[in-house]
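J.: Mind having a look at this structure? Questions to follow.
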Amino acid sequence: MAETVRVSGLPADIEDERLKDKLFIHFLRARNGGGEINSVTIVKATPISALITFEDSGVAQRVIEHSPHLLEVDGKKYKVVVIEHSESLDPDKICYQVLNIKSINDLLSVFFPHHRSSYIYQQLLITASFLGDYWHCQAFTKATRKSR
Numbered sequence: 001m002a003e004t005v006r007v008s009g010l011p012a013d014i015e016d017e018r019l020k021d022k023l024f025i026h027f028l029r030a031r032n033g034g035g036e037i038n039s040v041t042i043v044k045a046t047p048i049s050a051l052i053t054f055e056d057s058g059v060a061q062r063v064i065e066h067s068p069h070l071l072e073v074d075g076k077k078y079k080v081v082v083i084e085h086s087e088s089l090d091p092d093k094i095c096y097q098v099l100n101i102k103s104i105n106d107l108l109s110v111f112f113p114h115h116r117s118s119y120i121y122q123q124l125l126i127t128a129s130f131l132g133d134y135w136h137c138q139a140f141t142k143a144t145r146k147s148r
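The opening position of the sequence shown corresponds to residue 1 in the UniProt record's numbering, with each subsequent residue numbered one higher.
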């Protein structure tokens, strides 16, 4: 398990330093699964994300398991998703998967909130087809496996 996680679903209309402060505060808290943080890096790609490196990989795993998180900024709450970060992943790689989505409809809007990601729900077949950035697809797939 890596010590670095990727956080997505962040507000884009906030200064980098203020966003870093909010992320530090949120992910230091034990109630959020957090712990000691080595660094926070804002990734300016669209959609915006952040890489957070913890001192301990166990903390990174707890934070991932606690996902999705509610990050509060200026009185607004943002559902942010945390996944394991891997240097070898290409964030623009497209993936396609079909999964059983019985009882996981809410996860779709959490993992695919942006225009570059989309999903189609076919109620009669109880399946979902989704297409999007690789790391959104990977996080969604892991979350669906945990919800079964």
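Even for Gly, the Cβ is constructed at its ideal location relative to N, Cα and C.
Just to confirm the assignment: which complete alpha helix (DSSP H) runs, minimum length 4, are found wholly within the UniProt domain "RRM" (3-88)?
T.: The UniProt domain "RRM" (3-88) contains these whole alpha helix (DSSP H) runs: 16-28 and 57-65.
J.: Between the alpha carbons of residue 44 and residue 11, how many angstroms are there, rounded?
T.: Using only the alpha carbons, I get a separation of about 12 Å.
J.: Is residue 40 near residue 24, with beta carbons less than 7 Å apart?
T.: Yes. Within cutoff.
J.: Please report the straight-line C-alpha distance between residue 46 and residue 60, rounded to a whole angstrom.
T.: Rounded to the nearest angstrom, the two C-alpha atoms are 24 Å apart.
J.: How many Å lie between residue 54 and residue 31 at the Cα?
T.: Rounded to the nearest angstrom, the two C-alpha atoms are 16 Å apart.
J.: Quick one: what's got a C-beta closer than 6 Å to residue 71's C-beta in the same chain, skipping five residues either side?
T.: Closer than 6 Å at Cβ, skipping near neighbours: 26, 78 and 80.
J.: Check each candidate in 57, 36, 74 and 42 and name the one with the smallest Cα separation from residue 8.
T.: Out of 57, 36, 74 and 42, 42 has the C-alpha closest to the C-alpha of residue 8.
J.: For residue 76, is the classification buried or exposed, using 16 other Cβ atoms within 10 angstroms of its Cβ as the cut-off for buried?
T.: Exposed, since its Cβ has fewer than 16 Cβ neighbours within 10 Å.
J.: Can you say whether residue 17 is buried or exposed, counting buried as having 16 or more other CB atoms within 10 angstroms of its CB?
T.: So residue 17 ends up on the exposed side.
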